[in-house]
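S.K.:
2 protein chains.
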Amino acid sequence: MGPSDTSSLKPRDRILDAARDLFRKHGIRGVGVDAIASAADSNKMTLYRHFGSKEDLIVACLQAATREFDEFWEEIRARNPDNAKAQLADWIDRVAAGLREAVDCNCEIIAAAFQMVPDDGSALKVINEFKARQRKRLAELCRSAGVEDYELLTTTLVLLMEGARSNRQSMGPEGPSAQFASVAHATVRQFTTRKDTGSI
Amino acid sequence: MGPSDTSSLKPRDRILDAARDLFRKHGIRGVGVDAIASAADSNKMTLYRHFGSKEDLIVACLQAATREFDEFWEEIRARNPDNAKAQLADWIDRVAAGLREAVDCNCEIIAAAFQMVPDDGSALKVINEFKARQRKRLAELCRSAGVEDYELLTTTLVLLMEGARSNRQSMGPEGPSAQFASVAHATVRQFTTRKDTGSI
């Protein structure tokens, strides 16, 4: 969600879009409120009226990014209703697509976590609540897909996904992150065939 | 390697130690050369004499961190000579220990990657060369341990490790990163038992 055609947006939304765009491009620490206000065709006074501080603006950006992820899960459910295995495969492919395109992939949430310092209380809280919610949904999917050791599979997939995002950020889309889908599908296969004793 | 008892060190080393310590604590963007010079009991002029710019200092810090990792591999080899499977298990346990203790774990390299912006040319280069070297060593270990699909296992372990480090940074040592060892050992087991056709 770049700030393209933001002319019709309200000042608050323009500032939010500009901030997310600039934070993605230059990092949270590398962008000042002046640059954000200017990119949003606004001014610092308006920025501070809507967002009390740069920290509050960072939190608002993270919250906007996490809200977009709810739509992601809705789409997964809608495409393969009542088929958890297909939903799990779809989840992997969508995460992989996000890694390739780096669009709406919420990389910014992961990346932001790395730019935080210990006193970034509310921003870190948003990130951790987001991660906990994602994990719960994924674990539910793994369980519904009939995986006996679904907690271990969930942790494996979460670490693989975060690792792929981390790696993409440093080594680009052609690095090991490009293999996320094959690695994750193989992992799911190993978990589903290993203990396929018909007990599900 | 904190800057403890740095009084006997030369100015260049004191500056390097102080920079690494401050970068770890406050992020690369959050620390200025003044703070580094002051923490090193030195001054800005000396800092610039040894390191031409803050960017050069960042690169030197990353190089120092990557050099320490060579010792890590030497220890692994020395502890279980001629036993690749034991070395691989040891690698997992050492990465896990690093995640718990966050000491000498080279998290700073991964963390630094997230604070980079696209024009951080030489710093990103150090990070990527480091990652490529680590990967090569790990792949060699997986191959020697008799894993048929050793490239896929290597990618899986690399992504798991980077994911665990990423997750540790945002969620702390009690989060999913604490399960890195059990996840990684299970992954190795699956790769070694799955195709155990005696062809090795």
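Taken in order, these protein sequences are the chains called A and B.
At position 189 of the first sequence the residue is numbered 194 (the working numbering), and the sequence of numbers has no breaks.
At position 100 of the second sequence the residue is numbered 105 (the working numbering), and the sequence of numbers has no breaks.
Even glycine gets a Cβ: it sits at the ideal position worked out from N, Cα and C.
Predicted model, so just to flag it, every value in this text is computed and none were measured.
1) Determine, for B/Glu-106, whether the minimum Cβ-Cβ distance to residues of chain A falls below 8 Å.
2) Would you say B/Asp-109 faces chain A, with C-beta separation under 8 Å as the test?
3) Three or more beta-carbon pairs under 8 Å between the region 83–91 of chain A and the region 164–179 of chain A, yes or no?
4) So which residues on chain A does B/Arg-34 lean against when the C-beta distance must stay under 9 Å?
5) A/Glu-134 by DSSP, collapsed to three states: which one?
6) Nearest-angstrom Cα distance between A/Ala-23 and A/Asp-61?
7) Starting from B/Asn-133, find everything on chain A with Cβ-Cβ shorter than 9 Å and list it in chain order.
8) Determine whether the beta carbon atoms of B/Thr-197 and A/Thr-161 lie at a separation below 8 Å.
9) Please classify B/Arg-72 as buried or exposed, where buried requires at least 16 neighbouring CB atoms within 10 angstroms.
10) Nearest to A/Gly-103 by CA position, among A/Ser-127, A/Phe-77, A/Ala-83, is which residue?
11) For my contact list, A/Val-131 and A/Val-64 are in at a C-beta cut-off of 8 Å; report their separation, rounded to the angstrom.
12) Which bits of chain A does B/Met-166 rub up against, with CB to CB less than 9 Å?
13) With 8 Å set as the bound, which would you pick, yes or no: does the beta-carbon of B/Val-188 sit closer than that to a beta-carbon of chain A?
14) Should B/Phe-185 be labelled buried (16 or more other beta-carbon atoms within 10 Å of its own) or exposed?
15) Just how far apart, CA to CA, sit B/Arg-99 and B/Gln-92?
16) If we ignore side chains and look at the alpha-carbon of each, how far apart do A/Ala-69 and A/Val-36 end up?
17) Determine whether the Cβ of B/Lys-136 lies closer than 8 Å to any Cβ atom of chain A.
18) Who are the Cβ neighbours of B/Ala-144 in its own chain at under 7 Å, not counting the five residues just before and after it?
19) Would A/Asp-75 be called buried (16 or more neighbouring beta carbons within 10 Å of its own) or exposed?
20) Helix, strand or coil for A/Asn-172? Go by DSSP, reduced to three states.
21) Using C-beta distances below 8 Å, list every residue in its chain close to B/Leu-165, excluding the 5 sequence neighbours before and after it, in chain order.
22) Below 8 Å CB to CB, which residues in the same chain sit around A/Ser-20 once its five sequence neighbours on both sides are set aside?
23) State yes or no: is the C-beta of A/Val-163 within less than 8 Å of the C-beta of B/Gly-168?
24) Please list the partners that A/Thr-161 has in chain B, where partner means a Cβ-to-Cβ separation under 8 Å.
25) Could you check how far apart the C-beta atoms of B/Arg-105 and B/Pro-178 are, in whole angstroms? I think they sit under 8 Å.
26) Assign B/Gly-180 to one of two classes, buried (16 or more other C-beta atoms within 10 Å of its C-beta) or exposed (fewer than that).
27) Could you compute how far the alpha carbon of B/Ile-81 sits from the alpha carbon of B/Lys-136?
28) Grouping DSSP H, G and I as helix and E and B as strand, with all else coil, what is B/Pro-178?
29) On the three-state DSSP scale, how would you describe B/Ile-41?
30) 8 Å is my cut-off, CB to CB: does A/Leu-93 come that close to chain B?
31) With a threshold of 8 Å between beta-carbons, can A/Leu-67 be considered close to chain B, or not?
32) Quick one: Cα of A/Phe-28 to Cα of B/Leu-146, how far?
33) Can you give me the start and stop residues for the alpha helix (DSSP H) that A/Pro-86 sits inside?
34) With a threshold of 16 other CB atoms inside 10 Å of the CB of B/Arg-194, please say whether the residue is buried or exposed.
35) Closest to B/Met-176 by CA distance: which of A/Met-176, A/Arg-140, A/Ser-149, A/Ser-182 is it?
M.R.: To lay it out plainly:
1) Within the second sequence, residue 106 of chain B is the residue found at index 101, counting from 1. Not an interface residue.
2) Here residue 109 of chain B corresponds to residue number 104 of the second sequence, with the count starting at 1. With a pLDDT of only 43 at B/Asp-109, under the threshold of 50, the placement of this residue in the model should not be trusted; the figure read from the coordinates follows. No, B/Asp-109 lies away from the interface with chain A (no Cβ there is under 8 Å from its Cβ).
3) no
4) If you number the second sequence from 1, residue 34 of chain B lands on position 29. Correct list: Gly-32, Ile-33, Arg-34, Gly-35, Gln-120.
5) Walking along the first sequence from the start, residue 134 of chain A turns up at place 129. Correct three-state label for A/Glu-134: helix.
6) The count along the first sequence starts at 1 and reaches residue 23 of chain A at position 18. The count along the first sequence starts at 1 and reaches residue 61 of chain A at position 56. Near 15 Å, if we compare the C-alpha coordinates of A/Asp-61 and A/Ala-23.
7) Here residue 133 of chain B refers to the residue found at position 128 when the second sequence is read from its first residue. By Cβ distance, chain A contributes Ser-175, Met-176, Gly-177, Gly-180.
8) Looking up residue 197 of chain B in the second sequence gives position 192. Looking up residue 161 of chain A in the first sequence gives position 156. In this structure, A/Thr-161 does not lie closer than 8 Å to B/Thr-197 by Cβ.
9) Here residue 72 of chain B refers to the residue found at position 67 when the second sequence is read from its first residue. Under this definition B/Arg-72 is an exposed residue.
10) Here the question's residue 103 of chain A lines up with position 98 in the first sequence. Checking every option, the nearest Cα to that of A/Gly-103 belongs to A/Phe-77.
11) Working through the first sequence from its first residue, we reach residue 131 of chain A at position 126. Working through the first sequence from its first residue, we reach residue 64 of chain A at position 59. Confirmed, about 6 Å.
12) Taking the first residue of the second sequence as position 1, residue 166 of chain B is located at position 161. Chain A residues near B/Met-166: Leu-164, Gly-168.
13) Counting from 1 along the second sequence, the entry for residue 188 of chain B is found at position 183. Output row for B/Val-188: interface = yes.
14) In the second sequence, the residue the question calls residue 185 of chain B occupies position 180. B/Phe-185 should be labelled buried.
15) The count along the second sequence starts at 1 and reaches residue 99 of chain B at position 94. The count along the second sequence starts at 1 and reaches residue 92 of chain B at position 87. If I take the Cα positions, the gap works out to 10 Å.
16) By one-based count along the first sequence, residue 69 of chain A stands at place 64. By one-based count along the first sequence, residue 36 of chain A stands at place 31. Rounded to the nearest angstrom, the two C-alpha atoms are 18 Å apart.
17) Along the second sequence, read from residue 1 onward, the residue named residue 136 of chain B stands at position 131. It does; some Cβ of chain A falls within 8 Å.
18) Taking the first residue of the second sequence as 1, we reach residue 144 of chain B at position 139. Counting only Cβ-Cβ distances below 7 Å, and skipping sequence neighbours, we find Tyr-155, Glu-156, Thr-159.
19) Here residue 75 of chain A is taken as the residue at index 70 of the first sequence, counted from 1. Exposed is the call here.
20) As a first step, residue 172 of chain A must be located in the first sequence, where it is residue number 167. Three-state DSSP puts A/Asn-172 in a helix.
21) As a working note, residue 165 of chain B is residue 160 in the second sequence. For B/Leu-165, where only same-chain residues beyond five positions count, the Cβ hits under 8 Å are Phe-185, Val-188, Ala-189, Thr-192.
22) Numbered from 1 along the first sequence, position 15 holds the residue referred to as residue 20 of chain A. Correcting the residue identity first, residue 20 of chain A is Ile in this sequence and not Ser. Correct list, in chain order: Ile-41, Ala-42, Ala-45, Ser-47, Thr-51, Leu-52, His-55, Phe-56, Leu-62.
23) For the purposes of this step, residue 163 of chain A is taken as the residue at position 158 of the first sequence. For the purposes of this step, residue 168 of chain B is taken as the residue at position 163 of the second sequence. Yes, the pair counts as a contact, with Cβ atoms nearer than the cut-off.
24) Counting from one through the first sequence, the residue named residue 161 of chain A turns up at place 156. Per Cβ cutoff of 8 Å: Leu-165, Val-188, Ala-191, Thr-192.
25) Position 100 of the second sequence, counting from 1, holds the residue named residue 105 of chain B. Position 173 of the second sequence, counting from 1, holds the residue named residue 178 of chain B. Correct: roughly 6 Å between the Cβ atoms.
26) Against the second sequence, residue 180 of chain B aligns to sequence position 175. Under this definition B/Gly-180 is a buried residue.
27) Walking along the second sequence from the start, residue 81 of chain B turns up at place 76. Walking along the second sequence from the start, residue 136 of chain B turns up at place 131. Their Cα atoms are separated by approximately 18 Å.
28) Start at 1 with the first residue of the second sequence, and residue 178 of chain B comes out as number 173. Here B/Pro-178 sits in coil by DSSP.
29) What you label residue 41 of chain B is simply residue 36 of the second sequence in a count that begins at 1. Of the three classes helix, strand and coil, the one that applies to B/Ile-41 here is helix, per DSSP.
30) Walking along the first sequence from the start, residue 93 of chain A turns up at place 88. No, A/Leu-93 lies away from the interface with chain B (no Cβ there is under 8 Å from its Cβ).
31) Stepping through the first sequence from its first residue, residue 67 of chain A is reached at position 62. No - not a single Cβ of chain B is within 8 Å of the one on A/Leu-67.
32) As a position in the first sequence, residue 28 of chain A is number 23, starting the count at 1. As a position in the second sequence, residue 146 of chain B is number 141, starting the count at 1. Going from the Cα of A/Phe-28 to the Cα of B/Leu-146 covers about 39 Å.
33) Start at 1 with the first residue of the first sequence, and residue 86 of chain A comes out as number 81. No alpha helix (DSSP H) contains A/Pro-86, which DSSP labels as neither H nor E.
34) As a working note, residue 194 of chain B is residue 189 in the second sequence. Answer is exposed; the Cβ neighbour count stays below 16.
35) The residue you call residue 176 of chain B lines up with position 171 of the second sequence. Closest by alpha carbon: A/Arg-140.
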